Structure formats: structure tokens, C-alpha cells
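**Student:** My numbering numbers the first residue of the sequence shown as 3 and each following residue consecutively. The beta-carbon is built from N, C-alpha and C at its ideal position, and this holds for glycine as well. Predicted model only: the values in this text are computed from it and were never measured.
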Amino acid sequence: MSIQRRQLPNYLNWLMQHTLPGQVLLQSWLTRNGIDRKLSYLYVKNGWLRRIAHGVYCRTGREPDWVD
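1) Hey, out of 68, 17 and 50, whose CA is closest to residue 34's CA?
2) Distance check for residue 45 and residue 14, CA to CA, integer angstroms please.
3) For residue 43 and residue 69, what's the separation of their Cα atoms in angstroms?
4) By the DSSP assignment, the beta strand (DSSP E) with residue 34 in it spans what residues?
5) Residue 64: buried (16+ other C-beta within 10 angstroms of its C-beta) or exposed?
The structure is reproduced here in C-alpha cells:
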């Protein structure tokens with residue numbers, strides 16, 4: 003098993019514990035917290051994040067609101 007594959011659940015668990023559904027997330031913030039662009043892409047592909055714009059994501063489960 004690759005290191006990335008072993009770490010994938012750890013980063014996903016961290017993301018789920020430290021963000022709220024619908025929360026807007028910048029790639030720069032994700033990168034500072036260990037989630038690089040490739041991992042963000044995998045999270046989008048698997049339905050955990052939704053890409054809003056280049057470098058901007060939201061966590062799935064709720065639509066982002068203007069106050070987010």
C-alpha cells in the first residue's frame with residue numbers, strides 16, 4: 003500500500019473534523035494543512051469536496067451561503 007493511500011483516510015478524517023458541510027475552502031489553506039492539489043482532486047472525484055472555482059472548494063453536504 004502506498005504512503006499516499008495510507009494517509010488518505012487520515013487527511014480525510016482531519017478535514018471532516020475541522021470543517022463544516024458547505025464551508026468554503028481555499029487550496030492554499032488545504033495545502034498548509036497537508037492536502038495538496040492532487041489530494042483535493044481525489045476528494046472532488048470521490049464526492050467529499052466540490053470545486054467552485056480555480057483553487058476554491060466547498061465541503062459537500064450543504065450549499066455554501068453568502069455568509070460562509
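**Tutor:** The relevant details are as follows:
1) Translated into the one-based positions of the sequence shown, residue 34 becomes position 32. With distances taken between Cα atoms, residue 34 lies closest to 17.
2) Working through the sequence shown from its first residue, we reach residue 14 at position 12. Working through the sequence shown from its first residue, we reach residue 45 at position 43. About 8 Å.
3) The count along the sequence shown starts at 1 and reaches residue 43 at position 41. The count along the sequence shown starts at 1 and reaches residue 69 at position 67. Taking the straight line from one Cα to the other gives about 25 Å.
4) If you number the sequence shown from 1, residue 34 lands on position 32. Per DSSP, residue 34 belongs to no beta strand (DSSP E); it is in the alpha helix (DSSP H), 29 to 34.
5) Translated into the one-based positions of the sequence shown, residue 64 becomes position 62. Its Cβ having fewer than 16 others within 10 Å, residue 64 is exposed.
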